[in-house]
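Reviewing the structure listed below.
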Amino acid sequence: MDLVVRGVRVVDGSGAPAFTGDVAVEDGRIAEVRRGRGRGPAGGRVVDGRGLVLAPGFIDMHAHSDLALLTDPAHEAKAAQGVTLEVLGQDGLSYAPADDRTLETLRTLIAGWNGDGSDVEFDWRTVGGYLDRLDRGVAVNAAYLVPQGTVRMAVVGWEDRPATPDELRRMKQLVAEGMEQGAVGMSSGLTYTPGMYAPDTELTELCRVVAEHGGYYCPHHRSYGAGALRAYEEMIAVATDAGCPLHLAHATMNFDVNAGRAPDLLDVLDKALADGADITLDSYPYTAGCTTLVALLPSWAAVGGPEATLARLRDAPTAERIRHALEVEGSDGCHGVPVDWSTVEVSGTADPALADRVGTRLSGWPAARDLLLADRLGTTILQHVGDERNVRTVMRHRTHTAGSDGILHGSKPHPRAYGTFPHYLGHYVRELGVLGLEECVAHMTGRPAARLRLPDRGLVREGHRADLVLFDPDTVASGATYDRPRTLPTGIPYVLVDGRFVIEDGRRTDVLAGRSVRSAGRP
Numbered sequence: 001m002d003l004v005v006r007g008v009r010v011v012d013g014s015g016a017p018a019f020t021g022d023v024a025v026e027d028g029r030i031a032e033v034r035r036g037r038g039r040g041p042a043g044g045r046v047v048d049g050r051g052l053v054l055a056p057g058f059i060d061m062h063a064h065s066d067l068a069l070l071t072d073p074a075h076e077a078k079a080a081q082g083v084t085l086e087v088l089g090q091d092g093l094s095y096a097p098a099d100d101r102t103l104e105t106l107r108t109l110i111a112g113w114n115g116d117g118s119d120v121e122f123d124w125r126t127v128g129g130y131l132d133r134l135d136r137g138v139a140v141n142a143a144y145l146v147p148q149g150t151v152r153m154a155v156v157g158w159e160d161r162p163a164t165p166d167e168l169r170r171m172k173q174l175v176a177e178g179m180e181q182g183a184v185g186m187s188s189g190l191t192y193t194p195g196m197y198a199p200d201t202e203l204t205e206l207c208r209v210v211a212e213h214g215g216y217y218c219p220h221h222r223s224y225g226a227g228a229l230r231a232y233e234e235m236i237a238v239a240t241d242a243g244c245p246l247h248l249a250h251a252t253m254n255f256d257v258n259a260g261r262a263p264d265l266l267d268v269l270d271k272a273l274a275d276g277a278d279i280t281l282d283s284y285p286y287t288a289g290c291t292t293l294v295a296l297l298p299s300w301a302a303v304g305g306p307e308a309t310l311a312r313l314r315d316a317p318t319a320e321r322i323r324h325a326l327e328v329e330g331s332d333g334c335h336g337v338p339v340d341w342s343t344v345e346v347s348g349t350a351d352p353a354l355a356d357r358v359g360t361r362l363s364g365w366p367a368a369r370d371l372l373l374a375d376r377l378g379t380t381i382l383q384h385v386g387d388e389r390n391v392r393t394v395m396r397h398r399t400h401t402a403g404s405d406g407i408l409h410g411s412k413p414h415p416r417a418y419g420t421f422p423h424y425l426g427h428y429v430r431e432l433g434v435l436g437l438e439e440c441v442a443h444m445t446g447r448p449a450a451r452l453r454l455p456d457r458g459l460v461r462e463g464h465r466a467d468l469v470l471f472d473p474d475t476v477a478s479g480a481t482y483d484r485p486r487t488l489p490t491g492i493p494y495v496l497v498d499g500r501f502v503i504e505d506g507r508r509t510d511v512l513a514g515r516s517v518r519s520a521g522r523p
């Protein structure tokens, strides 16, 4: 065998009780799993697994590494956590499929998530082309969702109106092509423009295409604040009408209006599940959210695209209308809740000259407006609006999976980008006992692999891909904090992708074993 891990505690990703045994790897796959102690298989490389847990590599169901995977070969933010597969193309906005015009707009629009891409050669325009680019070698594996907002931008543009029949046909064609080229589903960002301009009937038609190709729908729905339950119910109705599996992105209940109301959300989900709906969800184990500052603005302020938004911000009467929507009405971009500027912390700026703003709380609309103009909408923020009771309640649900929603760009990113998976294991399993170890690992491995319809990943089984992580259950912990968000975790000495060490003895190797993980493009 290429590798044998001896005497290790195996948590296999199914939720079943752990057992002690040996695991052998050959040619990138798990060749043998032997329970008990004794003489196991021989290996060219033997790792002493005593005191460690061996589990399937963690699957990040909500990642924003679309450009980071291409520009940062080490990708320690995820590799060091034990992540071996990320799902990209989230929140309805990413870089494929796109034409030249759309791509240029996207680079401005989501610079706060990914940077402007000035160090990337955008030599693709299709979903298949992007996946081919990943196949040149990246740190970890990646799957992709067709971004509905990008598709709408390419076909309809920035107008707040329903698509015409011809436009809808073209959008369905783009979604179908993306699925046929290997996407695992479709995402939406329904508090982000222009995707939020789509009515439910349009979303339903696109979801029918996704279902026909064996994928799932992953919406960032229309509100996580006021009206959150209605927004969840809306997505369930859309997916049910389309006959499409549903995966709810970063499912939580934020803002003071929803404090302690996670049980209400789970009641909605349980009723739909009892009626036969196919629903899963993901969440991150933190209370703060992260987005771009421009995303808080009312949707009407974004009609026409980024340059039109900047023009409205420069115009004093229009800027006053925006302020009123934000501070008095509660804009749709801020989930229907009047913004509390004291909860908004600057986490990154596109312009390095504005770096002194990072880590500060916005004092009010004048400061926010000035920053949006100076940074040309490229500012990233943290919003401290979550509720710890809701975080713990959601993670216990039987359909829950883990998703970091990790935005890696910015001087002071959210610690979830570097700490989500060890934070689950260290804080919520070992310290608090909110989840059992076997259960938590299943949330991060077997359950997401099942949602992604990956028959040879997510479990420690003979014949499965050797995407594996070894961690110390007594010391694993997130080093990342809000003050020091780029600190790497502890207690994860080994991570393998395709049977090759990307983390060895706690250090990043130069191995780039990650590739695209593609769906079959059909049911």
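Take full-length UniProt numbering: the last position of the sequence shown gets the number 523, and nothing is skipped along the way.
Heads up, the beta-carbon is just placed ideally off N, CA and C, and yes, glycines get one too.
Bear in mind the structure is a predicted one, so any value in this text is a computation, not a measurement.
Where residue i sits in the DSSP three-state scheme
i       : result
Ser-342 : helix
Asn-254 : coil
Ser-299 : helix
Leu-425 : helix
Tyr-286 : coil
Cys-334 : helix
Ser-404 : coil
Pro-317 : helix
Ala-139 : coil
Asp-99  : coil
Gln-90  : helix
Leu-266 : helix
Thr-291 : strand
Met-186 : strand
Asp-200 : helix
Gln-148 : helix
Asp-22  : strand
Pro-352 : helix
Glu-388 : helix
Asp-60  : strand
Asp-370 : helix
Arg-461 : coil
Thr-280 : strand
Leu-454 : coil
Tyr-418 : helix
Assigned exposure category for residue i - 16 Cβ within 10 Å defines buried
i           : result
Ala-513     : buried
Pro-199     : exposed
Thr-360     : exposed
Glu-388     : exposed
Leu-468     : buried
Arg-465     : buried
residue 529 : In the structure displayed, the chain extends from 1 to 523; residue 529 sits before or after that span and is not available.
Gln-81      : buried
Ala-154     : buried
Ser-519     : buried
Ala-42      : exposed
Asp-332     : buried
Phe-19      : exposed
Spatial neighbours of residue i in its chain, beta-carbon cut-off 6 Å, leaving aside the 5 residues before and after
i       : result
Ala-368 : Leu-362
Met-61  : Val-87, Asp-282, Thr-401, Gly-403 and Pro-448
Val-156 : Ala-163 and Glu-167
Arg-50  : Gly-7
Arg-133 : Trp-124
Pro-523 : Here Pro-523 scores only 46 on pLDDT, less than 50, and its place in the model should not be relied on; the value that follows carries that caveat. So the list reads Gly-214, once near-sequence residues are dropped.
Same chain, Cβ closer than 8 Å to residue i, neighbours up to 5 away in sequence not counted
i       : result
Ala-308 : Trp-158 and Ala-302
Cys-440 : Tyr-424, Leu-425, Tyr-428 and Val-429
Ala-272 : Ile-236, Thr-240 and Ile-279
Continuous alpha helix (DSSP H) stretch holding residue i: start and end
i       : result
Arg-230 : 228 to 242
Tyr-130 : 127 to 134
Pro-448 : 446 to 451
Leu-70  : 68 to 71
Residue i: CB within 7 Å of a non-hydrogen atom of the ligand MG
i       : result
Asp-472 : In the structure on display, the ligand MG does not appear, and there are no ligands present to speak of.
Residue i: first and last residue of the uninterrupted beta strand (DSSP E) it sits in
i       : result
Glu-180 : It is not in any beta strand (DSSP E) - Glu-180 instead sits in the alpha helix (DSSP H) that spans 165 to 180.
Leu-432 : Careful: Leu-432 lies outside any beta strand (DSSP E) and carries neither H nor E.
Ala-55  : 53 to 56
Gly-7   : 3 to 10
Glu-504 : 500 to 504
Cut-off 7 Å between Cβ atoms - residues of its own chain near residue i, not counting five sequence neighbours on either side
i       : result
Arg-392 : Val-434
Do three or more CB pairs link the region 243 to 254 to the region 217 to 235 at distances below 8 Å? yes
Count Cβ pairs between the region 292 to 300 and the region 322 to 342 that sit closer than 8 Å; are there 3 or more? yes
Three or more beta-carbon pairs under 8 Å between the region 233 to 247 and the region 263 to 281, yes or no? yes
Within the chosen definition, does the region 162 to 170 reach the region 116 to 126 through at least 3 CB pairs nearer than 8 Å? no
For the region 205 to 214 against the region 226 to 245, do three or more pairs of beta-carbon atoms, one drawn from each stretch, fall closer than 8 Å, so that the two count as touching? yes
With a threshold of 8 Å, are at least 3 pairs of Cβ atoms found where one atom belongs to the region 51 to 70 and the other to the region 105 to 118? Short answer: they touch.
Three-pair Cβ contact test at 8 Å for the region 69 to 76 versus the region 16 to 33: Short answer: they don't touch.
When the Cβ atoms of the region 469 to 481 are set against those of the region 410 to 423, are three or more pairs found closer than 8 Å? yes
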